[in-house]
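End of the sequence shown = 202 in my numbering, gap-free, step of one.
Where is the CB? At the ideal position from N, CA and C, for every residue including glycine.
Worksheet: the structure to be examined is printed underneath.
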Amino acid sequence: MRLTEFDEEGGWAAQGNVDLALSDLGTVHFSGRKETAGFGALDQSLLARRNDDYTTLQVSMNMELGRFLPKKAKISAPFHYVWSNETSAPLYDPFNQDILLKETLNRAGNQSIRDSIKNVALTGRSIRSLGLNNVKINIKSKNPMPYDPAMSNAWPKLPL
């Protein structure tokens, strides 16, 4: 049995966002967030504060691909792309929850054991998605028919 006092080290957090407008082509949005172990509200108890290092990054883009084609084509193709990555690294070893993960990694015999411990301890997910929504061919005939290209505007959304 191990017993020590509370570690009252505070954590920190940061968040950033950048939006870029690319003339009439579209927009790009970058965002990121980082919270370290010990971060929490001033009125939270030590046990209620964050016990892991958390990082999230996201990039999203909206573009009008029809702008890259000749005006004669009269095609409208809105393109949407999102990439998101989220990772969490715990402060404590998930198997020995009173020992810091850093200490467990330092005591590991070799690099392959350290990599195995990290693989189990670290959690994360990555999401990518792209879509062409509401693609239109804006060619209109004198006598509109149901089979005219201007009458359809469906296109699949593709998760990756």
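Could you check how far apart the C-beta atoms of residue i and residue j are, in whole angstroms? I think they sit under 8 Å.
i      : j      : result
Lys116 : Ile181 : 5 Å
Given a cut-off of 8 Å on the beta-carbon distance, is the pair residue i and residue j in contact?
i      : j      : result
Gly68  : Asn104 : yes
Phe121 : Leu174 : yes
Ser130 : Thr165 : yes
Leu172 : Tyr123 : yes
Gln100 : Ser126 : yes
Gly80  : Gly53  : yes
Apart from the five residues on each side of it in sequence, which residues of its chain come closer than 7 Å, Cβ to Cβ, to residue i?
i      : result
Leu143 : Pro132, Leu133, Tyr134, Asp135 and Ala163
DSSP on residue i, reduced to helix/strand/coil?
i      : result
Thr78  : coil
Arg156 : helix
Val124 : strand
Leu142 : strand
Leu110 : Correcting the residue identity first, residue 110 is Phe in this sequence and not Leu. Helix.
Arg91  : coil
Relative to the C-alpha of residue i, which candidate in the options has its C-alpha closest?
i      : options                         : result
Tyr96  : Ala55, Arg156, Asn161 and Asp61 : Ala55
Lys114 : Asn185, Ile179 and Lys184       : Ile179
Ser118 : Leu107, Pro112 and Gln139       : Leu107
Val60  : Glu51, Asp66 and Phe72          : Phe72
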